[in-house]
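What follows is a single structure, written as structure tokens, with notes after it.
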Amino acid sequence: MAIKLLPPDLLTTSAPITRLLSLALTPVLFATILIALTYLYTTLRYRLALPHHLSTTNDAGKLSPQPPPHIPYALPFLGSALSFLNPVPGGYWKGLLAFHPHASGACTLLLGGKTTYVLFSPSAVTQLFKSRGTSRMVFNMQVMEKGFGMSKEGVRKYWGFDDPENGAEHHQEKIWQDYLLKTEVVNELTGEFVGTLRHELEEELKDGGAKEVGLYEWLRGHMFAASTATFFGRRILEMYPSLGEDFFAFDRQMLSMFFGIPKLFILKAYKSRKKVLDGMEEWHVKMMEECKNNPADPETVKWEPVYGSRANRARQHFYGRRGFTMRGRASLDLGFLFGISSNAIPATGWMLMHILDPKADAMLYRDVMEELKSAVNKDGTLNIPELMSLPLLQSILHEVLRLYVDILITRELFEDLDLPIDDGKRRIALKKGGLVMAPSWLSHRDESLWVDPPCETFYARRFLKVDPETGKQIFSTGGTAGKFFPFGGGKSICPGRVFAKQEVLACLAMVLLGFEFEALGYVEESGRKRDKFPTLRHGYSGSGTVVMDGDVKVRMKRRQ
Ligand code: HEM
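The numbering of the sequence shown is the working numbering, which starts it at 948 and goes up by one.
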């Protein structure tokens, strides 16, 4: 049958077949030669550059600083992009450090045509955060368009491409300063969050019984509801009760869209984003009708159910002035919801899971409870400043952020930058137009920096020290500059960091003081039993606080 389908001349002579074959093989041969030559050239370039980079003689001014060695690759233009998309957390970095010395403190990658300088020397990272010649704008624009589904025109409008006077950078910074970072506003937000969460938790086990739950799954629902209502107002969850579920389905797949995986392969991701955007757009249309296109003034009104916090209303006023469509606002709000929810909620989950882990430090749960009780006022309310100063609790939070935050701090270089390595014994020269990236994974898990216990181990008391004067245990992050940066750094540092710490610790305290937990064992995401404590769920590098690939099953009841 197959033979009959071939043209007659191909059946009678083998010459056309040979011609056809050689025609088909030429591009393959060409591609193979190109790949081999690219690999040979980039390997040779790397081998020649590495000794110069590692040499400490250039501090005497004998050698001028050079860009860090370019990691070899085989695919022209794409460079290391495909291997960078390793879904195992830390997988790409592990492969890189198998041949590139950690002591080098930096390297250069070609990622989809873009020269990307990767920093993991503490002195270089510290200096990067201080430098003025960098910006996060290009990264932000890409996240908005590829991650949160904003139109190209919307992104241009947001950043003021055609109207620089009205770009968002300055306005956004001012909104963060006035409504996310000022102490009184943070306290106000924490008060609202605590009130909403209390309301949520009061509904749990009202009859005094007990129940078995997956700890993180249970926590996530309550925490999402409380933080979303705090920032966006109560009405969003009344109108769109499955927002949490839809948001986390989107959150799981956001990076695959951001990294540009062809749509055909990730239809589910696009579908999940569309669903949340449709719901948020509908919410906006209704809310704008209710408030007659004029959300309550953020200066005078503390909180209200339609648009929630001052921070959110200040954003909405700005978007209104800039003439954003409801769809455009939905994308911007999805981005803000991502900022609020994607890190703080899993970080609280990891803390709870470690504290209640039946196979870990047997004294941890007891010590945490003792500390927490000292932060309760006589009337039973939480003393937030006291809570924020508890050494063990702060140490656990920081250890969770060290071990589970996988963030790629990314900046565009709009001028050449000269950075120190090894406290300045060596220097590197980064060229204008490139990207510079400080991956938290490489610094937070550097085995030469985090030694006792080893960097891969969760150690609740890692950030505790004995105060030589009082002999008491104190919390300290001293000596971690450039080695530990879960909130990023410099002028683009996370504006929600102060609230995030209060939110995480307040939530943890309310849960542990309100309920008794008995750990029953570990489970997979599917609910099937497993022997080991959950670890990091698969996802691309840069996921933020990485979610767990399972849960701790607990029996819970109300404390008497
Ligand atoms: C444990 C919790 C959190 C972690 C680890 C975290 C981490 C980060 C990081 C690493 C960045 C990028 C910083 C940089 O490039 O230097 C960032 C940006 C941001 N975060 Fe957070 N964050 C957390 C919680 C929050 C919360 C609760 C909010 C809101 C209240 C928030 C709002 C934002 C916003 C709006 C940005 C973007 C700022 C901009 O583009 O200028 N974050 N966060």
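Even glycine gets a Cβ: it sits at the ideal position worked out from N, Cα and C. The structure presented is a predicted model; accordingly, all values stated were derived computationally and were not measured.
Worksheet entry | As assigned by DSSP and simplified to three states, the class of Q1013 | Strand, per DSSP.
Item to complete: With DSSP collapsed to three states, give me the class of G1042.
Response: In the structure shown, G1042 sits in a helix (DSSP, three-state: H, G or I).
Fill in: Runs of alpha helix (DSSP H) lying entirely within the stretch 1289-1321, each at least 4 residues, in chain order
The stretch 1289-1321 contains these whole alpha helix (DSSP H) runs: 1291-1303 and 1311-1320.
Discussion item. So, with DSSP's three-state summary, where would you put I1440?
Written reply: Judged by DSSP in its simplified three-state form, I1440 adopts coil rather than helix or strand.
Worksheet entry | Distance cut-off 7 Å: A1045 Cβ against heavy atoms of the ligand HEM | Checking the Cβ of A1045 against the ligand HEM gives no.
Discussion item. Could you check whether the Cβ of P1442 sits closer than 7 Å to any heavy atom belonging to the ligand HEM?
Written reply: Judged by the Cβ position, P1442 qualifies as a neighbour of the ligand HEM at the 7 Å threshold, a heavy atom of the ligand being closer than this.
Fill in: G1114: CB within 7 Å of a non-hydrogen atom of the ligand HEM
Answer for G1114: no, Cβ out of range of the ligand HEM.
Fill in: Boundaries (first-last residue) of the alpha helix (DSSP H) holding I1018
For I1018, there is no enclosing alpha helix (DSSP H), as DSSP marks it with neither H nor E.
Worksheet item: Taking the DSSP output, what are the residues bridged to G1161?
Response: DSSP output for G1161 lists K1500 as bridge partner(s).
Item to complete: Determine the closest residue to P1252 out of M1186, G1180 and K1233, with distance taken between C-alpha atoms.
Response: Of M1186, G1180 and K1233, the residue nearest in Cα terms is G1180.
Worksheet item: Should K951 go down as buried or exposed, given a rule of 16 or more other Cβ atoms within 10 Å for buried?
Response: For K951, the predicted model reports a pLDDT of 49, less than 50, meaning its position is unreliable; a value from the coordinates is still stated below. With fewer than 16 other Cβ atoms within 10 Å, it is exposed.
Item to complete: Any chance you could list the alpha helix (DSSP H) runs of at least 4 consecutive residues sitting entirely within the stretch 1164-1236, in chain order?
Response: Counting only runs of 4 or more, we get 1182-1186 and 1190-1205.
Discussion item. Buried or exposed, going by whether 16 or more other CB atoms sit within 10 Å of the CB of E1450?
Written reply: By the 10 Å Cβ count, E1450 comes out buried.
Practice prompt. Please work out which residues of its chain come closer than 8 Å, Cβ to Cβ, to T1137, disregarding the five sequence neighbours upstream and downstream, and give them in chain order.
Written response: Answer for T1137: I1331, F1446, Q1449, E1450 and A1453, listed in chain order.
Item to complete: Would you check if the distance between the CB atom of L1202 and the CB atom of S1490 is smaller than 8 Å?
Response: Yes.
Discussion item. According to DSSP, is R1083 part of a helix, a strand, or is it coil?
Written reply: Three-state DSSP puts R1083 in coil, outside helix and strand.
Worksheet item: Under the criterion of a Cβ to heavy atom distance below 7 Å, does R1083 qualify as lining the ligand FMN?
Response: Questions concerning the ligand FMN fall outside what the structure shown contains, since the ligands it does hold are the ligand HEM.
Worksheet item: At which residues does the beta strand (DSSP E) containing F1361 begin and terminate?
Response: For F1361, no beta strand (DSSP E) run applies, since DSSP gives it neither H nor E.
Item to complete: Report the rounded CA-to-CA distance for A1007 versus P1111, giving the unit in angstroms.
Response: Here A1007 scores only 48 on pLDDT, less than 50, and its place in the model should not be relied on; the value that follows carries that caveat. A1007 and P1111: Cα-Cα distance of roughly 44 Å.
Worksheet item: Using the rule of at least 16 other Cβ atoms within 10 Å of the residue's Cβ for burial, across every protein chain shown, is A949 buried or exposed?
Response: In this predicted model, A949 has a pLDDT of only 44, less than 50, meaning its place in the structure is not dependable; the value taken from the coordinates is given anyway. Exposed, by the Cβ-count rule.
Discussion item. For M1088, which residues in the same chain have their Cβ closer than 7 Å to its Cβ, ignoring the five residues on either side in sequence?
Written reply: These residues qualify, in order along the chain: V1102 and W1106.
Worksheet item: At which residues does the beta strand (DSSP E) containing R1373 begin and terminate?
Response: Per DSSP, R1373 is one residue of the beta strand (DSSP E) stretching across R1373 to L1377.
Discussion item. In whole angstroms, give me the CA-to-CA distance for M1170 and S1082.
Written reply: Using only the alpha carbons, I get a separation of about 32 Å.
Worksheet item: Between which two residues does the beta strand (DSSP E) containing K1412 stretch?
Response: It spans L1411 to V1413 - the beta strand (DSSP E) in which K1412 sits, taken as one unbroken run.
Fill in: Length of the line joining the Cα atoms of I1356 and S1278
Rounded to whole angstroms, the gap between the alpha carbons of I1356 and S1278 is 22 Å.
Discussion item. For M1091, list the residues DSSP reports as bridge partners.
Written reply: When beta bridges are read from the DSSP output, M1091 appears opposite no residue.
Worksheet item: If we call anything under 8 Å between Cβ atoms a contact, is S1488 one with D1353?
Response: Taking 8 Å as the Cβ cut-off, S1488 and D1353 qualify as a contacting pair.
Worksheet item: When DSSP labels each residue in this structure, what does A1007 get in the three-state scheme?
Response: Because the pLDDT at A1007 is just 48, under 50, the model does not fix this residue reliably, and the value given afterwards should be weighed accordingly. In this structure, DSSP gives A1007 a helical state, which the three-state scheme calls helix.
Practice prompt. Compute the beta-carbon to beta-carbon distance between V1347 and A1294, rounded to the nearest angstrom, for a pair I have assumed lies under 8 Å.
Written response: Contact holds; Cβ gap of about 5 Å.
Fill in: I1356 - DSSP class collapsed to helix/strand/coil
I1356: strand per DSSP, three-state reduction.
Fill in: Distance between beta carbons of F1405 and L1350, contact taken as under 8 Å
Confirmed, about 6 Å.
Discussion item. Give me the DSSP bridge partner(s) of I1421.
Written reply: As DSSP reads the structure, I1421 sits in a beta bridge with K1412.
Fill in: Environment of R1079 [buried if 16+ CB atoms lie within 10 Å]
Exposed: under 16 other Cβ atoms inside 10 Å.
Fill in: Own chain, CB closer than 6 Å to K1419, minus 5 neighbours either side, in chain order
Same-chain partners within the cutoff: there are none.
Worksheet item: Which residues mark the beginning and the end of the alpha helix (DSSP H) in which P963 is found?
Response: Run containing P963: A962 to L1001, per the alpha helix (DSSP H) assignment.
Fill in: Residue span of the alpha helix (DSSP H) that contains E1112, given as start and end
Unbroken run through E1112: none, as it is neither H nor E.
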